[in-house]
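Written out below as structure tokens is the structure these notes cover.
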Amino acid sequence: GRRRQDSCHNLRRQIPREKMFKMGGLVVFCGLLAQATILLNALPSALGETQTPARVPNPTDLARSLANGLGNGLLSEGLLNILKYLPLVDNLKSKAGTSGGLPGALLGELSPLTSLLNNIVDLKVTDPQVLELGLVQSPDGHRLYVTIPLGLTLNVNTPLTGSLLKLAVKLNITAELLTVKDGQGETHLVLGDCTHSPGSLKISLLNGISPLPVQGLLDSLTGILNDVLPNLLQGKVCPLVNKVLSLLDITLVHNVIEMLIQGQQFVIKV
Ligand SMILES: *[C@@H]1O[C@H](CO)[C@@H](O)[C@H](O)[C@H]1NC(C)=O
């Protein structure tokens, strides 16, 4: 503001007295301009920093920044390694220990899981993947649902097939984000439900081995993976989402919270 006021003073000084009359309009205009500049300078502190035009984000940018922030956060917090080193074999074994396989046991047979585990020499995860995160906003605008598409390849080594069995496994975890006010009246962005839809685990055979001897094994393996893997993944991924939320950029979180409180739609579904 000061520079504009100064230039008006200079202007007035440079104008000869006889021309001052004609220039009256300009002088008044300069005065108004100086006043307006002072007002504008006073505005940001009166309205609060967040409402300065430069910091109000474009809704699409905000949604993209949030999805990117969460995705990058999950990667930098080691999600791929978590997928790769899932304690899958341990989980299958403890499952075999507890389920017992009653009908088979009565007939003196091993449970399908136990016989399966006896036939699996090795089980390894390769190619852990996190695809692009999806965002959906609830109709009332107050909640967000983050879809986290996970993928991995299971390499199953079993003498029954004579070669490695490669299975592609895909699962979406959905994390709900909402705002919660604490005792001090501060609002936080927190993780609500974090789940997968039942039956949504997708398993497909990647390498074409003659299906006949494999089919039975594949069926029981699929059944058991459906039983164990989604909960195992959910139990690993959801705490990580919670952690990543606390690491997000503060301005980004602030802007998201504003939108959610106001119920303003900023996630455009495509
Ligand atoms: C995960 O979600 C995406 C987008 O909503 C969908 O296209 C995909 O089929 C889902 N994948 C699984 C394994 O459910």
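The sequence shown runs -1 to 268 under this note's numbering. Even glycine gets a Cβ: it sits at the ideal position worked out from N, Cα and C.
- Query: Cα-Cα, which of THR145, SER92, LEU81, SER198 is closest to ASP125?
  - Reply: LEU81
- Message: Following a CB-centred definition, is GLY132 positioned closer than 7 Å to any heavy atom of ligand 1?
- Response: Answer for GLY132: yes, Cβ within range of ligand 1.
- Would HIS337 be called buried (16 or more neighbouring beta carbons within 10 Å of its own) or exposed? Any question about residue 337 goes unanswered here, given that the chain covers just -1 to 268.
- What distance in whole Å lies between the Cβ atoms of LEU227 and LEU199, which are believed to be in contact at a cut-off of 8 Å? 6 Å
- Query: Which residue or residues does DSSP assign as beta-bridge partners of GLY261?
  - Reply: Among the bridge pairs identified by DSSP, GLY261 is matched with none.
- Task: Tell me where the alpha helix (DSSP H) around PRO147 begins and ends.
- Result: PRO147 -> not in any alpha helix (DSSP H); beta strand (DSSP E) instead, spanning 142 to 155.
- Message: So, for LEU131: in the same chain, excluding its five sequence neighbours on each side, which residues have a beta-carbon less than 7 Å away from its beta-carbon?
- Response: So the qualifying residues of the chain are ALA65, LEU68, GLY69, VAL144, THR145, ILE146.
- Does the separation of the CB atoms of LEU189 and VAL167 fall below 8 Å? Against a cut-off of 8 Å, the Cβ pair of VAL167 and LEU189 comes out as no contact.
- Message: Report the start-end ranges of each alpha helix (DSSP H) in the segment 189 to 257 that is 4 residues or longer and not cut off at the edges.
- Response: DSSP runs (the alpha helix (DSSP H)) wholly in the segment 189 to 257: 209 to 245.
- Assign ASP88 to one of three DSSP states: helix, strand, or coil. helix
- Query: What is the residue span of the alpha helix (DSSP H) that LEU121 lies within?
  - Reply: From DSSP, LEU121 is part of no alpha helix (DSSP H) but of the beta strand (DSSP E) over 120 to 128.
- Tell me, please, which residues DSSP counts as bridged to GLY132. In the DSSP secondary-structure assignment, GLY132 is bridged to THR145.
- Query: Between ASP138 and GLY261, which are expected to be in contact by the criterion C-beta below 8 Å, what is the C-beta distance as a whole number of angstroms?
  - Reply: Right, the Cβ-Cβ distance comes to about 6 Å (below 8 Å), so this counts as a contact.
- Taking ASN79 as the reference, which of ILE118, LEU148, LEU216 has the closest Cα? LEU148
- Query: What is the DSSP secondary structure of ILE266, reduced to helix, strand or coil?
  - Reply: Of the three classes helix, strand and coil, the one that applies to ILE266 here is coil, per DSSP.
- Task: Could you tell me if GLN182 is buried or exposed, where buried requires 16 or more neighbouring beta carbons within 10 angstroms of its beta carbon?
- Result: Answer is exposed; the Cβ neighbour count stays below 16.
- Task: Mind checking which residues open and close the alpha helix (DSSP H) that includes ASN66?
- Result: Start and end: 57 to 74.
- Task: Just the C-alpha distance for TYR83 and ILE201, rounded to the nearest angstrom, thanks.
- Result: 19 Å
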